[in-house]
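First the structure, in the form of structure tokens, and then the observations on it.
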Amino acid sequence: MFADLAALPPDALLGLTKLFNEDQRTRKIDLGVGVYRTPDNRTPVMEAVASAQRRLVERETTKVYIAPEGAPGFGDALHGLVFGPTIAVDRCAVVQTPGGCGALRVGAELVKRAGAQSIAIGSPTWANHHPLLSATGLAIRMIPYYDAKSGGVDFGAFYDAASRLSASDALLLHGGCHNPTGADLSLEEIDAIIELAARRGFLPFVDFAYHGFARGLEEDAAMIRRMAERLPEFLVSYSCSKHFGLYRERTGALIAVGEDAARAAAMKSHVVNIARQIYSMPPAHGGFLVADILSTPDLATNWRRELEAMRQTVAGNRRLLVKTARGHQLGARLDFIERQHGMFSLLPVDERQVLALRERHGIYVAANGRANLCGVNEGNVDHLCEALSDVLAR
């Protein structure tokens, strides 16, 4: 059966990690795969997570399946974190999924089942969006989003393209910390898209993978809360990988907001049905940890403190890179990085220059120039700026 099945090439980003690990040079910098790292290049278990984990081990008495909806308390905890008092719980269906990727796929299946024909995505976007969503049979429509000259959003072009969407379309939006550009919509631009969605009838589908990493937990939830106040329905793909550090636990959720309780319940029934057809039950461990942290005041306070420190670290890395670049013949060429948010920015390099960074200087970034700025620190920022000066001058 499999005799004619040719091997596929390795995943480009995961392959980059392999190349970095095999590089014997001491002056090398990994700006590739998107995980948070401390200035000393670690991705530790958060203290609040470690505490919740110890509590769970002490009181857990069984490993039987949890329900397809997820760990008890997980949905209510996320509802409070994401929506606050904005909407009633019964308008919001939360189903735990295997990470944000699971939520994206299940959400796309739900959109397809509801009769949608396509999903529009601003360009560029996270590399895995296209395969995850197109596998459902939905047509993918790439529309303008990023202005490489300014390092900001080309909102005029984005809005113009979105204005041609209809009730048979969905629009994927990044819920802050845009991947790969770091360029986010302003609140005024978010309001304009919400008004457009209400008028044109397309469905917003928010990929919310970096909650708390842009401006803070409350500030970052503004897009979702504004939608809840002004739109009858939308979807949110939520990931707990970054802000809880639960990468390998695969903890996420699909949040379906309906016009009323009956609509939300119907949406939830279909989400659960789709999940049963794909993976049946989500992993339990991370869901229990998130529920415990968010429902235990001391743990929640510690977690918020840790997350804010992580956010400040990444913002500090951005400032450090911009300040150092100005002293390395780069002038203001990287100033846009300080205006962006989250882990990622697109360096102003093409594929040839990306290869030169790697081969001549031991600096590893994605082929499109995406750099994980968690990898920037006081010890390597001069080397990075010297390397950029070199490749940009050629």
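Note that the sequence shown covers residues 86 to 479 in my numbering.
Glycine residues also receive a C-beta, built at the ideal position from the N, C-alpha and C atoms.
It should be emphasised that the depicted structure is a prediction, and the values quoted were computed from it without experimental measurement.
Quiz item: In angstroms, rounded to a whole number, what distance separates the CA positions of G117 and N462?
Solution: 15 Å
Self-check item: C-alpha distance - A97 paired with G427, whole-angstrom precision
Solution: 22 Å
Self-check item: Three-state secondary structure assigned by DSSP to M227
Solution: strand
Exercise. Provide the residue span of the beta strand (DSSP E) that contains A400, from first to last.
Key: Taken as a continuous stretch (DSSP letters only), A400 belongs to no beta strand (DSSP E), being part of the alpha helix (DSSP H) at P382 to A410.
Quiz item: Taking C-alpha atoms, which residue in R335, G337, V450 and G460 lies nearest to M395?
Solution: G460
Quiz prompt | Counterpart residues of L257 in DSSP-defined beta bridges | solution = I206 and F290
Quiz item: Is it buried or exposed for E304, if we count other Cβ within 10 angstroms and need 16 for buried?
Solution: exposed
Quiz item: Is it buried or exposed for F168, if we count other Cβ within 10 angstroms and need 16 for buried?
Solution: buried
Quiz item: What is the C-beta distance between G267 and F243, in whole angstroms, given that I count them as a contact (C-beta under 8 Å)?
Solution: Between F243 and G267 the Cβ distance is about 16 Å, and since that is not below 8 Å, they are no contact.
Quiz item: Which class does Y449 belong to by DSSP, given the choice of helix, strand or coil?
Solution: strand
Quiz item: What separation, rounded to the nearest whole angstrom, lies between the Cα atoms of R110 and G447?
Solution: 7 Å
Quiz item: Are G330 and M131 touching if we call contact CB-CB under 8 Å?
Solution: yes
Practice problem: Quick one: grab the DSSP three-state call for R455. | Solution: strand
Self-check item: Spatial neighbours of L477 in its chain, beta-carbon cut-off 8 Å, leaving aside the 5 residues before and after
Solution: L415, R418, P433, V434 and Q438
Practice problem: Mark L104 as exposed unless 16 or more other C-beta atoms lie within 10 angstroms of its C-beta, in which case mark it buried. | Solution: exposed
Self-check item: Rounded separation between K353 and A441 - CA only
Solution: 49 Å
Quiz item: Under three-state DSSP, which class holds V134?
Solution: helix
Quiz item: Looking at C-beta atoms only, is the number of pairs between the stretch 230-238 and the stretch 188-196 that lie closer than 8 Å three or more?
Solution: no
Self-check item: Under the three-state DSSP convention, the category F159 falls into
Solution: helix
Quiz prompt | Of the residues G160, A199, S203 and R198, the one placed nearest T182, counting alpha carbons only | solution = G160
Quiz prompt | Through-space distance from L458 to R112, alpha-carbon basis | solution = 17 Å
Practice problem: Counting only runs of 4+ residues fully inside the stretch 258-324, write out the alpha helix (DSSP H) ranges in chain order. | Solution: 272-285, 302-305 and 307-315
Self-check item: Nonlocal neighbours in the same chain, by C-beta distance under 6 Å from D232, ignoring five residues either side
Solution: D239
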